[in-house]
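Each remark here refers to the structure printed beneath this line.
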Amino acid sequence: MYKEEIESYYSRTDVQRAILEVSENREVIPVLSTGSFGSRPNAVYYEKDVGQMVKSGAIEFHCSVERWKDPLKLKTGMRKEDQDALRIGWDLIIDIDCKKTLEEAKTACIILLDRIEELNIHNYGVKFSGNRGFHIVVPFEAFPAEIMGMGKIAKNYPDLPRKMIQYLADTTFETMKEEFGEDPRNVLEIDQGVISPRHLFRAPYALNRKTWLASIPLEKKEIRNFDPQSAQPSKVKVKRKFLKETKENEAIELLRASAYWTSTRKKDSERKEIAFEVPKDAIPVKFFPGCIENIMSGLDDGRKRSVFILVSFLHRIGWERDDVWAFLVDWNKKNKPPLADNLLKSSFTSQYTGEGPKMSPNCSNPGYYGGFGEEQCEHRNPVSYTLGRVRALKRKRPKKRRAKTKKETKQEKEVGE
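Using the UniProt record's numbering, read the sequence shown as starting at 1 and increasing by one per residue.
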């Protein structure tokens, strides 16, 4: 692509404005024709800054995943605590990088977006990378400012976003495997590399120097039939934003689920799971603890995370898979409103991937049981509590007296005489 064409594209006011909109509180680094990045730190404060950088040789623009009080105060080799003090937020950026064709990337992107929507996140953004992939964003405003056990979310980087990306990759693995007919890792990468200190992602509407196509935002419904040639600079229309306005705490379920998912994976790898055998006979409802009973009465909030709680709990106390599903269907009728059938089914099925359901969250975990009534459990875990109740009951039961034989009865009478 000729320099004049590049300058003509970036001289468009709508393109400059689109790049400026996403640049607030971020590093914005130009990429030169050699593929090398411009000097850091750098930032864009005015629309004309974009045009000026292009005249100086820029052909791409990349933004920082993290948001900063003042990006220009960043320094190479900066201590983590100094970065934490300067950081005011970060966005969850999921980079789908396909090893084959754009068609596989489309499939993966839709599967990931379906999973994100199951977690009640709808104000996400998605854009074409400019080559063989897509970028998904969940804006920082969708997360709570602080959560018990995690502290201030803005400071918890890159650990939290890395966990969430791993969680989404793991929980969509089987679906992608079925779609591709092989291990998804042979087809594409759901890149955790974007979750590293001061990492960058291509700005929306910026060009990709390998294809000279623009990184244009899309709607989910457009992905399947998306033609990359519509991203040619001469055809680009700036009509969508990559970063959308979100609802308060919209991504809290993703945050909670990924944190617990990570903790169970760690326990599995270290072989430190709670030691007990799943009982051969299913334990009936009358032995269930208060935290489970609160969920069973029906909910208007926290329904999706309760599917995980119920499945893991029932599985661990001896319930068969079909019985667990029947229980969930009956329980869902009590919810206000009930979960959609496809959402209930997918949430249920995801718990039986790999080795099957994990251990239930501990009762003291407010991220899972918070809001399920006023009753507070005084025990550690619903599974261990329920199994303990059953064992205690068995110990208290008196032994059945054996019926005496005729010989023994005759001997007793003789002794009495």
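Idealized CB from N, CA, C, for every residue including glycine.
Roughly how many angstroms lie between the CA atoms of residue i and residue j, to the nearest whole one?
| i | j | result |
| --- | --- | --- |
| residue 14 | residue 143 | 29 Å |
| residue 146 | residue 153 | 5 Å |
| residue 3 | residue 123 | 37 Å |
| residue 280 | residue 321 | 13 Å |
| residue 359 | residue 76 | 43 Å |
| residue 62 | residue 352 | 40 Å |
| residue 285 | residue 260 | 25 Å |
| residue 175 | residue 185 | 13 Å |
| residue 131 | residue 208 | 7 Å |
| residue 79 | residue 22 | 26 Å |
| residue 255 | residue 225 | 31 Å |
| residue 71 | residue 42 | 7 Å |
| residue 298 | residue 116 | 24 Å |
| residue 380 | residue 217 | 47 Å |
| residue 49 | residue 234 | 22 Å |
| residue 388 | residue 334 | 29 Å |
| residue 330 | residue 252 | 26 Å |
| residue 390 | residue 263 | 28 Å |
| residue 317 | residue 308 | 14 Å |
| residue 278 | residue 385 | 13 Å |
| residue 168 | residue 83 | 27 Å |
| residue 179 | residue 110 | 11 Å |
| residue 231 | residue 81 | 41 Å |
| residue 34 | residue 24 | 27 Å |
| residue 247 | residue 141 | 8 Å |
| residue 20 | residue 94 | 21 Å |
| residue 181 | residue 172 | 14 Å |
| residue 125 | residue 257 | 21 Å |
| residue 8 | residue 26 | 25 Å |
| residue 288 | residue 112 | 35 Å |
| residue 6 | residue 148 | 49 Å |
| residue 236 | residue 1 | 16 Å |
| residue 363 | residue 306 | 13 Å |
| residue 240 | residue 44 | 20 Å |
| residue 183 | residue 290 | 42 Å |
| residue 361 | residue 394 | 26 Å |
| residue 10 | residue 215 | 13 Å |
| residue 170 | residue 382 | 25 Å |
| residue 64 | residue 222 | 27 Å |
| residue 292 | residue 114 | 28 Å |
| residue 497 | residue 36 | Summary: the structure shown does not reach residue 497, with the chain confined to residues 1 through 417, and so no result is reported for it. |
Using C-beta distances below 8 Å, list every residue in its chain close to residue i, excluding the 5 sequence neighbours before and after it, in chain order.
| i | result |
| --- | --- |
| residue 228 | 102, 128, 211 and 213 |
| residue 425 | The structure shown does not extend to residue 425, since the chain is modelled only from 1 through 417, so no value can be given for it. |
| residue 17 | 47 and 238 |
| residue 324 | 310, 311, 314, 315 and 348 |
| residue 150 | 156, 160, 255 and 259 |
| residue 304 | 118, 119, 120, 253, 339, 343 and 347 |
Which residues in the same chain have their Cβ closer than 6 Å to the Cβ of residue i, if we skip the five residues on either side of it in sequence?
| i | result |
| --- | --- |
| residue 66 | 87 and 90 |
| residue 300 | 336 |
| residue 332 | 338, 339 and 344 |
| residue 38 | 29 and 30 |
| residue 133 | 96, 97, 98 and 105 |
| residue 249 | 144 |
| residue 74 | 41 |
What residues in its chain sit with their C-beta under 7 Å from that of residue i, if we drop five residues either side in the sequence?
| i | result |
| --- | --- |
| residue 69 | 86 and 88 |
| residue 418 | The requested residue 418 is not part of the displayed model; the chain covers only 1 to 417. |
| residue 92 | 137, 138, 161 and 164 |
| residue 271 | Low per-residue confidence applies at residue 271: pLDDT is 43, beneath 50, and the placement is therefore not dependable enough to give any value. |
| residue 243 | 22, 125, 137 and 139 |
| residue 283 | 317, 318, 386 and 390 |
| residue 269 | Its pLDDT being 46, under 50, residue 269 is placed unreliably in this model, and the value from its coordinates should be taken loosely. Taken in chain order, the list of residues that qualify is empty. |
| residue 296 | 331 |
Considering only DSSP beta bridges, list what residue i is partnered with.
| i | result |
| --- | --- |
| residue 93 | 137 |
| residue 324 | None; residue 324 has no bridge partner. |
| residue 63 | 28 and 201 |
| residue 98 | 188 |
| residue 288 | Looking at the DSSP assignment, residue 288 forms no beta bridge with any residue, so it has no partner. |
| residue 125 | 137 |
| residue 243 | Paired residues: none, contrary to the question. |
| residue 217 | 127 |
| residue 119 | Paired residues: none, contrary to the question. |
| residue 179 | Residue 179 pairs with nothing; no bridge assigned. |
| residue 68 | 87 |
| residue 154 | In DSSP, residue 154 forms no bridge with anything. |
| residue 58 | 32 |
| residue 344 | Answer by DSSP bridge pairing: none, since residue 344 is not bridged. |
Consider the C-beta atom of residue i and the heavy atoms of the ligand SAH; say whether any pair is separated by less than 7 Å.
| i | result |
| --- | --- |
| residue 299 | As presented, the structure is devoid of all ligands, the ligand SAH included, so that no description of it is given. |
Evaluate contact between the stretch 183-192 and the stretch 48-60, counting only Cβ atoms and requiring at least three cross-stretch pairs below 8 Å.
-> At 8 Å Cβ cutoff, the stretches do not touch.
Are the stretch 22-31 and the stretch 58-65 touching, with three or more C-beta to C-beta distances below 8 Å?
-> In the pairwise beta carbon analysis, the stretch 22-31 is classified as touching the stretch 58-65: at least three pairs are separated by under 8 Å.
Count the C-beta pairs between the stretch 194-208 and the stretch 152-171 that are closer than 8 Å, then say yes if the count reaches three, no if not.
-> Touching, yes, given that three or more Cβ pairs across the two stretches are closer than 8 Å.
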